[in-house]
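Student: Taking our numbering, the leading residue of the sequence shown gets 1, the next gets one more, and so forth. One structure, as structure tokens, below. Some questions next.
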Amino acid sequence: MIHALSSGGRSLHYVDLASAAQAQGRDLLAQPYVIRVLLENLYRHQQWGDAISDAEIERLWHWRDHVGADLALHVARVILPDSSGLPVLQDLAALRDAVAQAGGDAAQVDTRIPVDLIVDHSLQVDHWGDAQAVSRNLRREFERNDERYRFLKWAQQAFKGLRVIPPGMGIIHQINLEYLAPVVATRQRGDECWAYPDFVIGGDSHTPMVNALGVLGWGVGGIDAEAALLGQAYTFPVPEVIGVRLTGQICPPALTTDAALLITQRLRAAGVTGRMVEFFGPAVEQLSIPERATIANMAPEYGATCGFFPIDAQSLAYARMTGRAPQQVQLIEDYARANHLWRDASTPVPHYARIVDIDLSEAVPSMAGPRRPQDRMPWPDVPADFRRRLTQPLNEGGFGLATAPAPASRQTLTHGSIVLAAITSCTNTSNPAVMLAAGLVAKKALALGLTPPDWLKRSLAPGSRAVTRYLQDAGLLEALQAQGFEVIGYGCTTCGGKSGPLTPQATDAIGQAGLVTAAVLSGNRNFEGRIHKLVRANYIGSPAMVVLFALAGRVDIDLDTEPLGPGRDGRPVYLADVWPTPQEIQALLPYAANPAIFADVYAPESLDSAIWQDLQAPGGLHFPWDPASRYLVEPPFFQGGPSHPLQDLARSLRQARVLAAFGDSLTTDHISPSGEIPADTPAGRYLTDAGLTPRDFNTYVARRCNHHVMTRATFGNIRIKNELVPGIEGGFTRHFPDNATTTIFDAAQAYRQEDTAAIVLGGKDYGMGSSRDWAAKGSALLGVRAVIAESFERIHRANLVGMGVLPLAFEPGQGWRQLGLEGSERFALHNIEAGIMSGEPIEVTAEAVDGQTTRFTVSAQVLTEAERQLMAAGGIPASVLHSFLNEPAANPA
Numbered sequence: 001m002i003h004a005l006s007s008g009g010r011s012l013h014y015v016d017l018a019s020a021a022q023a024q025g026r027d028l029l030a031q032p033y034v035i036r037v038l039l040e041n042l043y044r045h046q047q048w049g050d051a052i053s054d055a056e057i058e059r060l061w062h063w064r065d066h067v068g069a070d071l072a073l074h075v076a077r078v079i080l081p082d083s084s085g086l087p088v089l090q091d092l093a094a095l096r097d098a099v100a101q102a103g104g105d106a107a108q109v110d111t112r113i114p115v116d117l118i119v120d121h122s123l124q125v126d127h128w129g130d131a132q133a134v135s136r137n138l139r140r141e142f143e144r145n146d147e148r149y150r151f152l153k154w155a156q157q158a159f160k161g162l163r164v165i166p167p168g169m170g171i172i173h174q175i176n177l178e179y180l181a182p183v184v185a186t187r188q189r190g191d192e193c194w195a196y197p198d199f200v201i202g203g204d205s206h207t208p209m210v211n212a213l214g215v216l217g218w219g220v221g222g223i224d225a226e227a228a229l230l231g232q233a234y235t236f237p238v239p240e241v242i243g244v245r246l247t248g249q250i251c252p253p254a255l256t257t258d259a260a261l262l263i264t265q266r267l268r269a270a271g272v273t274g275r276m277v278e279f280f281g282p283a284v285e286q287l288s289i290p291e292r293a294t295i296a297n298m299a300p301e302y303g304a305t306c307g308f309f310p311i312d313a314q315s316l317a318y319a320r321m322t323g324r325a326p327q328q329v330q331l332i333e334d335y336a337r338a339n340h341l342w343r344d345a346s347t348p349v350p351h352y353a354r355i356v357d358i359d360l361s362e363a364v365p366s367m368a369g370p371r372r373p374q375d376r377m378p379w380p381d382v383p384a385d386f387r388r389r390l391t392q393p394l395n396e397g398g399f400g401l402a403t404a405p406a407p408a409s410r411q412t413l414t415h416g417s418i419v420l421a422a423i424t425s426c427t428n429t430s431n432p433a434v435m436l437a438a439g440l441v442a443k444k445a446l447a448l449g450l451t452p453p454d455w456l457k458r459s460l461a462p463g464s465r466a467v468t469r470y471l472q473d474a475g476l477l478e479a480l481q482a483q484g485f486e487v488i489g490y491g492c493t494t495c496g497g498k499s500g501p502l503t504p505q506a507t508d509a510i511g512q513a514g515l516v517t518a519a520v521l522s523g524n525r526n527f528e529g530r531i532h533k534l535v536r537a538n539y540i541g542s543p544a545m546v547v548l549f550a551l552a553g554r555v556d557i558d559l560d561t562e563p564l565g566p567g568r569d570g571r572p573v574y575l576a577d578v579w580p581t582p583q584e585i586q587a588l589l590p591y592a593a594n595p596a597i598f599a600d601v602y603a604p605e606s607l608d609s610a611i612w613q614d615l616q617a618p619g620g621l622h623f624p625w626d627p628a629s630r631y632l633v634e635p636p637f638f639q640g641g642p643s644h645p646l647q648d649l650a651r652s653l654r655q656a657r658v659l660a661a662f663g664d665s666l667t668t669d670h671i672s673p674s675g676e677i678p679a680d681t682p683a684g685r686y687l688t689d690a691g692l693t694p695r696d697f698n699t700y701v702a703r704r705c706n707h708h709v710m711t712r713a714t715f716g717n718i719r720i721k722n723e724l725v726p727g728i729e730g731g732f733t734r735h736f737p738d739n740a741t742t743t744i745f746d747a748a749q750a751y752r753q754e755d756t757a758a759i760v761l762g763g764k765d766y767g768m769g770s771s772r773d774w775a776a777k778g779s780a781l782l783g784v785r786a787v788i789a790e791s792f793e794r795i796h797r798a799n800l801v802g803m804g805v806l807p808l809a810f811e812p813g814q815g816w817r818q819l820g821l822e823g824s825e826r827f828a829l830h831n832i833e834a835g836i837m838s839g840e841p842i843e844v845t846a847e848a849v850d851g852q853t854t855r856f857t858v859s860a861q862v863l864t865e866a867e868r869q870l871m872a873a874g875g876i877p878a879s880v881l882h883s884f885l886n887e888p889a890a891n892p893a
């Protein structure tokens, strides 16, 4: 089963999957490619001496019959953005202190596999519209995040496997695609050098973007990442694999973004949540790696764990173009072909659990919104949908205006005016075709004298510095700049809620008239309250669509019939006048395929900066916590807990109250917001009491290493709708039994003082969206012991388990609303321990104020044996601390 591979003058060992299949009497070529990668992982680590049983491997060969069973995987590497990476490293620093205080060896708390942390989530669009925006925003970023970045520099010397890519370099997923991912990894073990598939988990939900290159990877919470980077096995359930057959081709005027939105809508409707998606079919060969990346990046939006494209000739061409060494490119091909991980037109289609067919020719120019990325509409449908929503009630997805206003105008700021237009996020800025299309729209409109209204804030935040280079070489950067789309920096910015202030005209008009205005962005997330607190309608589209709608200045425009606006000569300018042809885009693509650009951008000296080098930081094994800091506060997760966590959980849930009750599609953005911190919230008041002014609050992301802020922020999104307080938006609730309206934080504090457990009620897709640890950490620190929902998104469910919060599902067809519950009832849950450890039904009684009792059963969404043990331990922090104090140090993965 262990064979030798000769590649590029090297002799390498590898697990030969064909031999393993023959020994099992199985047909390797019938297995999906993702299953092949997972099988290799199990076999290799069994050979390396890790505790992997033959039974685990056997279950994976028969994956259809064992979906949900435990897999003990060992990832090759971990990648982290600063948003989730800083809390991970902070936890490791606190874990070192806890181990030392308990008499253990603190030096054993270290990263045992390669970890890359890319600082990309802290850049805000403070300055825009001028050539100095990049440098000015970067300086302001360092000013705001001085403490956080000093901590990162300490961590870089304190943890031996950690590499930090400093601010200003790009977005984590685009850097991973263009530079970090080896596709096939190698490792020296004694006298032997081994080759194996790259396998990565990331602390950001859009990690599957690298699936485009043939790398298996997906997003996890930082809670899971902590255990993996400490060298522990990463336990993952045996997946169900769905095949998605792509046929046809993207037809003009549609672009790749439109195809990605179509796929997102179709797969969300097909129910692929928690499954692995693998793409195949005649259309795949024609898709470039950047086009595949646009589709794979949206895996969290269609609910899948990953959106995988196996290694093929396109992978090699892209690896070569982006500067991978010739020896590495040769290894990718040699290994993939030798181990049946290569795909071309001659390879048979694997056997999938089911197949979803999608014809790419059905993609049309579209926008998704105004609140969810899966809510795709062809552009002619956007105006009517927006106008209908204006007077629809809030609880029906509308904006709740009393009367329908007149249609928007390009001359006046009113309902439907666009106040924010951002070319942003890894999803689209990784794709040269759609970026060049945006530049062409800008250039054509400029030639006709059409520019966006002055009130409209515009920004261009590429995911890689390579983008700026090829836009400049193609002669399009100047036109984008002239249209107000100046490069403002390299980071997630608007897509992650760091849009910065609107123009004064927009801010004043919205505040004075309560306008329902719009944002258009080329991102992947448009959840309520995420993009900007003043902007209530947010639409996702291609970069070219962002420029197009910016030129129109309003979202309720019929692009097929109405002019975008007047040109220089006063004549109307229409869509057809500015939209690029495929031939125009194709003619410019060679500028984006210049290997010299990538060689320059990713040269070692280019992945550094003077401002980062000048930053002073402490050294040593232990971080010197500053008691006066409001950024870096030692976290409480390793400071002990009940000696018998499972019994304590069961006891507490015999008397529980509902802290909040929500409808469908509650996102982690709702639970734990990422943007600016309003002064009139519990978190804002905490910072004010600490002597800070609102200008220095920074964002929730920047304060994630202060649990006092983050606990107060939990369920604190300004657009969250807690149905215990109908008609009120924001982090408010009712405290029972006195029925007093208060903040969720204050109600949680009261329940804690009363020794009453807090629970949360939810609908379908609870916790969809970003892999946001603090959505689970904050829930735990508020005293939430259980969440009862109709269904959960994968990452958040796992994060809840990781923090010892029990996720529970109603029986199919039931929900708190269907059962007639109001949330004011007194809840008692029974059979908790058996429900978690044995999967038995958990009995719930809800007693109303009038004494009427509703009885129903729920099931624990604790899906694997490893998760059951985590719940028994009280969560990952307690489990990890125990392992360092009571077990030998983990072997390197």
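All residues carry an ideal CB built from backbone N, CA and C; glycine is no exception.
Identify the continuous alpha helix (DSSP H) that holds residue 148 and give its terminal residues.
Tutor: Position 148 of the sequence shown, counted from the first residue, corresponds to residue 148. Looking at the DSSP string, the run of the alpha helix (DSSP H) that includes residue 148 is 146 to 158.
Student: Is the region 575 to 586 touching the region 299 to 309, taking contact as three or more C-beta pairs under 8 Å?
Tutor: Counting Cβ pairs under 8 Å, fewer than three are found: no touch.
Student: Roughly how many angstroms separate the alpha carbons of residue 184 and residue 203, rounded to a whole number?
Tutor: If you number the sequence shown from 1, residue 184 lands on position 184. If you number the sequence shown from 1, residue 203 lands on position 203. So the alpha carbons of these two residues sit roughly 21 Å apart.
Student: For residue 606 and residue 539, what's the separation of their Cα atoms in angstroms?
Tutor: As a first step, residue 606 is located in the sequence shown; it is residue number 606 there, counting from the start. As a first step, residue 539 is located in the sequence shown; it is residue number 539 there, counting from the start. If I take the Cα positions, the gap works out to 35 Å.
Student: Among 190, 791 and 132, which one has its Cα closest to the Cα of residue 481?
Tutor: To locate residue 481, count along the sequence shown from 1; it is residue 481. The shortest C-alpha separation from residue 481 is found at 132.
Student: For the beta strand (DSSP E) that residue 810 lies in, which residues bound it at each end?
Tutor: Numbered from 1 along the sequence shown, position 810 holds the residue referred to as residue 810. Unbroken beta strand (DSSP E) run through residue 810: 806 to 810.
Student: By alpha-carbon positions, which one of 696, 742 and 360 ends up nearest to residue 140?
Tutor: As a working note, residue 140 is residue 140 in the sequence shown. Taking only the C-alpha atoms, the option nearest residue 140 is 696.
Student: Could you tell me whether the region 346 to 362 touches the region 201 to 219, using the rule of 3 or more Cβ pairs below 8 Å?
Tutor: The region 346 to 362, when compared against the region 201 to 219, does not touch it at the 8 Å Cβ threshold.
Student: Measure from the alpha carbon of residue 799 to the alpha carbon of each residue in 290, 101 and 223, then state which is nearest.
Tutor: What you label residue 799 is simply residue 799 of the sequence shown in a count that begins at 1. Nearest C-alpha to residue 799: 223.
Student: If you reduce the DSSP assignment to three classes, tell me which class residue 882 lands in.
Tutor: Walking along the sequence shown from the start, residue 882 turns up at place 882. Helix, per DSSP.
Student: Under the DSSP definition of a beta bridge, which residues are partnered with residue 420?
Tutor: Here residue 420 refers to the residue found at position 420 of the sequence shown. According to DSSP, residue 420 bridges with 457 and 519.
Student: To the nearest angstrom, how far is it from the Cα of residue 325 to the Cα of residue 546?
Tutor: Start at 1 with the first residue of the sequence shown, and residue 325 comes out as number 325. Start at 1 with the first residue of the sequence shown, and residue 546 comes out as number 546. Using only the alpha carbons, I get a separation of about 37 Å.
Student: Taking the alpha carbon of residue 499 as the reference point, which residue from 90, 45, 89 and 125 has its own alpha carbon closest?
Tutor: Along the sequence shown, read from residue 1 onward, the residue named residue 499 stands at position 499. For the residues 90, 45, 89 and 125, the minimum Cα distance to residue 499 belongs to 125.
Student: Please classify residue 344: is it buried, with 16 or more other beta-carbons within 10 angstroms of its beta-carbon, or exposed?
Tutor: Mapped onto the sequence shown, residue 344 falls at position 344. Classification of residue 344: exposed, given that the 10 Å Cβ count is below 16.
Student: Do the region 437 to 457 and the region 500 to 507 make contact, defined as three or more Cβ pairs closer than 8 Å?
Tutor: Result yes; three or more Cβ-Cβ pairs closer than 8 Å.
Student: Is there contact here, the region 266 to 286 with the region 243 to 255, by at least three beta-carbon pairs under 8 Å?
Tutor: Flag = yes, the region 266 to 286 and the region 243 to 255 touch.
Student: Going along the chain, which residues of its own chain have a beta-carbon closer than 7 Å to the beta-carbon of residue 635, five neighbours each way excluded?
Tutor: Numbered from its first residue, the sequence shown carries residue 635 at position 635. Only 90, 91, 94 and 707 meet the Cβ criterion.
Student: Can you tell me the Cα-Cα spacing of residue 320 and residue 587, whole angstroms?
Tutor: Position 320 of the sequence shown, counted from the first residue, corresponds to residue 320. Position 587 of the sequence shown, counted from the first residue, corresponds to residue 587. About 21 Å.
Student: Below 7 Å, is the gap between the Cβ of residue 663 and the nearest heavy atom of the ligand PLP?
Tutor: Inclusion of the ligand PLP in the displayed structure is not the case, the ligand content being empty and no account of it being possible.
Student: Do residue 760 and residue 660 have their C-beta atoms closer together than 8 Å?
Tutor: Counting from 1 along the sequence shown, the entry for residue 760 is found at position 760. Counting from 1 along the sequence shown, the entry for residue 660 is found at position 660. Yes, they are a contact pair.
Student: Alpha carbons only, please: which of 831, 407 and 879 is nearest the one belonging to residue 901?
Tutor: In the structure displayed, the chain extends from 1 to 893; residue 901 sits before or after that span and is not available.
Student: Starting from the C-beta of residue 692, find all residues in its chain whose C-beta is less than 6 Å away, skip the five residues before and the five after it, and write them out in chain order.
Tutor: Locating residue 692 in the sequence shown gives position 692, where the first residue counts as 1. So the list is empty, once near-sequence residues are dropped.
Student: Evaluate residue 392 with the Cβ neighbour count: other Cβ atoms within 10 Å of its Cβ, from every protein chain shown; 16 or more gives buried, anything less gives exposed.
Tutor: Stepping through the sequence shown from its first residue, residue 392 is reached at position 392. By the 10 Å Cβ count, residue 392 comes out exposed.
Student: Quick one: residues in its chain with C-beta nearer than 6 Å to the C-beta of residue 66, no 5 flanking neighbours on either side, listed in chain order?
Tutor: As a position in the sequence shown, residue 66 is number 66, starting the count at 1. Excluding positions up to five away in sequence, the list reads 59 and 238.
Student: According to DSSP, is residue 890 part of a helix, a strand, or is it coil?
Tutor: Start at 1 with the first residue of the sequence shown, and residue 890 comes out as number 890. Its pLDDT being 41, under 50, residue 890 is placed unreliably in this model, and the coordinates cannot settle the point.
Student: CA-CA distance, residue 19 and residue 25?
Tutor: Translated into the one-based positions of the sequence shown, residue 19 becomes position 19. Translated into the one-based positions of the sequence shown, residue 25 becomes position 25. Going by the C-alpha atoms only, they are around 10 Å apart.
Student: Can you tell which of 561, 2 and 755 has the C-alpha that lies nearest to the C-alpha of residue 380?
Tutor: One-based indexing of the sequence shown puts residue 380 at position 380. Answer by Cα proximity: 561.
Student: Using beta-carbon positions only, say whether residue 235 and residue 12 come within less than 8 Å of one another.
Tutor: By 1-based counting over the sequence shown, the position of residue 235 is 235. By 1-based counting over the sequence shown, the position of residue 12 is 12. No, they are not a contact pair.
Student: In this structure, does DSSP put residue 439 in helix, strand or coil?
Tutor: Counting from one through the sequence shown, the residue named residue 439 turns up at place 439. Helix.
Student: Just to confirm the assignment: which complete beta strand (DSSP E) runs, minimum length 3, are found wholly within the region 650 to 684?
Tutor: Here the runs fully enclosed are 656 to 661.
Student: When the Cα of residue 137 is compared with those of 673, 154, 714 and 489, which residue comes out closest?
Tutor: As a first step, residue 137 is located in the sequence shown; it is residue number 137 there, counting from the start. Taking only the C-alpha atoms, the option nearest residue 137 is 489.
Student: Measure from the alpha carbon of residue 590 to the alpha carbon of each residue in 7, 748 and 470, then state which is nearest.
Tutor: The residue you call residue 590 lines up with position 590 of the sequence shown. Of the candidates 7, 748 and 470, the one whose C-alpha sits nearest the C-alpha of residue 590 is 470.
Student: For the region 772 to 782 against the region 844 to 858, do three or more pairs of beta-carbon atoms, one drawn from each stretch, fall closer than 8 Å, so that the two count as touching?
Tutor: Verdict: no, contact absent.
Student: Any idea what DSSP makes of residue 7, helix, strand or coil?
Tutor: The residue labelled residue 7 in the question sits at position 7 within the sequence shown. The answer is strand: DSSP assigns residue 7 an E or B state.
Student: Just to confirm my understanding: we take residue 318, look at its own chain, exclude 5 residues before and 5 after, and list those with CB closer than 7 Å. What are they?
Tutor: To locate residue 318, count along the sequence shown from 1; it is residue 318. Contacts found: 213 and 289.
Student: On the DSSP bridge list, what partners appear for residue 741?
Tutor: Indexing the sequence shown from 1 puts residue 741 at position 741. Answer is 734, bridged to residue 741.
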